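Quick look at the structure:
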């Protein structure tokens, strides 16, 4: 099944009527830029490149992924917020988008005021990992090791403010242990730290870790979703292990600068839904550890409204000082 303009119009039947729809039909007339506020190789970058390929086929225009890492994701997000609201610069970001306004004094953007949500793209549980060489085979082993480790147990995460970072903070609070958090610029680099045995344990979103769990390089100690992951049925959830309320996900969302015309927002939403509905693409993403989502502008807006206060409360309870 190929993503085409006809398919997009069929998914949103009212799109082809009225002046706003006519303006959307004329869009795009040139290349589209997708800003990813992280280094290449992580789950958000993977999702953006899948989206770019689908958009390119649907719109008949080049779609370029621009990785603008740094500042815990703030540099790329702020650049997208300042872009012209014409649909030619979009943001593909992750949960750090809703975390950083509480973690940084001045992240450079407001997640509600500065952006128009288009749609959620995917969401994955985080996974608590141990290297094969660590001798850690369960969350109970991890907690026991951390309790006797002088100074705390080194733990790799994909960056300050990421949900894996905050998941480790939540585990510290729940289990009464201490980690030395080792942040990296992306999930891919955190995985490399584990592969090199630089750190014995880590927490990442599932997609970059799943191939190494299958190969035996990593042990998956627990998943932080509400249910077990279908491709890893042997890995328990933190809820099953006796940690009530211990659920965290890393999501990917597509947003435009505030003020982007609603007709263009709806056109982009329809295109994104068509990309994710294409059977081969959907199968590959699910196999890679992505749970595919949708919900359009309203669904993503609701998620942002829920998660900003959730992570703000966890940051407060963990005593994490604001940066910058």
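In mature numbering (1 follows the signal peptide of the UniProt record, and there is no 0), the protein residues as written are -22 to -1, 1 to 302.
Glycine is no exception: its CB is placed at the ideal position from the N, C-alpha and C atoms.
Values in this document were obtained by computation on a predicted structure and should not be read as measured data.
| said: If I measure Cβ to Cβ from residue 123 and keep anything under 7 Å in the same chain, skipping five residues before and after, which residues do I get? | reply: Once the five neighbours on either side are set aside, the close Cβ partners of residue 123 are 114 and 131.
| To which residues of the same chain is residue 243 closer than 7 Å at the C-beta, ignoring the five residues directly before and after it? | 94, 96, 234 and 275
| Check whether residue 228 and residue 179 have beta carbons under 9 Å apart | no
| field | Distance, residue 293 Cα to residue 144 Cα | value | The alpha-carbon atoms of residue 144 and residue 293 are separated by roughly 8 Å.
| request: Look up residue 9 in the DSSP assignment and say whether it is helix, strand or coil. | output: coil
| Could you give the residue range of the beta strand (DSSP E) that holds residue 230? | 227 to 235
| message | Can you find the residues in the same chain that come closer than 6 Å, C-beta to C-beta, to residue 139, ignoring five residues on each side of it along the sequence? | response | 50, 74, 77, 78 and 81, listed in sequence order.
| residue 199 and residue 286: beta carbons closer than 9 Å? | no
| field | Distance, residue 251 Cα to residue 241 Cα | value | Taking the straight line joining both Cα atoms gives about 15 Å.
| task | Give the DSSP-derived three-state secondary structure of residue 102 in the structure shown. | result | In this structure, residue 102 counts as strand in the three-state DSSP scheme.
| query | How would you call residue 137, buried or exposed, if buried means at least 16 neighbouring beta carbons within 10 angstroms? | reply | buried
| request: Along the beta strand (DSSP E) that carries residue 44, what are the first and last residues, could you check? | output: 41 to 45
| Relative to the alpha-carbon of residue 18, which residue among 45, 194 and 8 has its alpha-carbon at the smallest distance? | 45
| query | How should residue 296 be labelled, buried or exposed, when 16 other C-beta atoms within 10 angstroms of its C-beta is the threshold for buried? | reply | exposed
| task | Would you identify the three-state DSSP class for residue 161, choosing helix, strand or coil? | result | Here residue 161 sits in strand by DSSP.
| request: Can you grab the Cα-Cα spacing for the pair residue 146 / residue 157, in whole Å? | output: 8 Å
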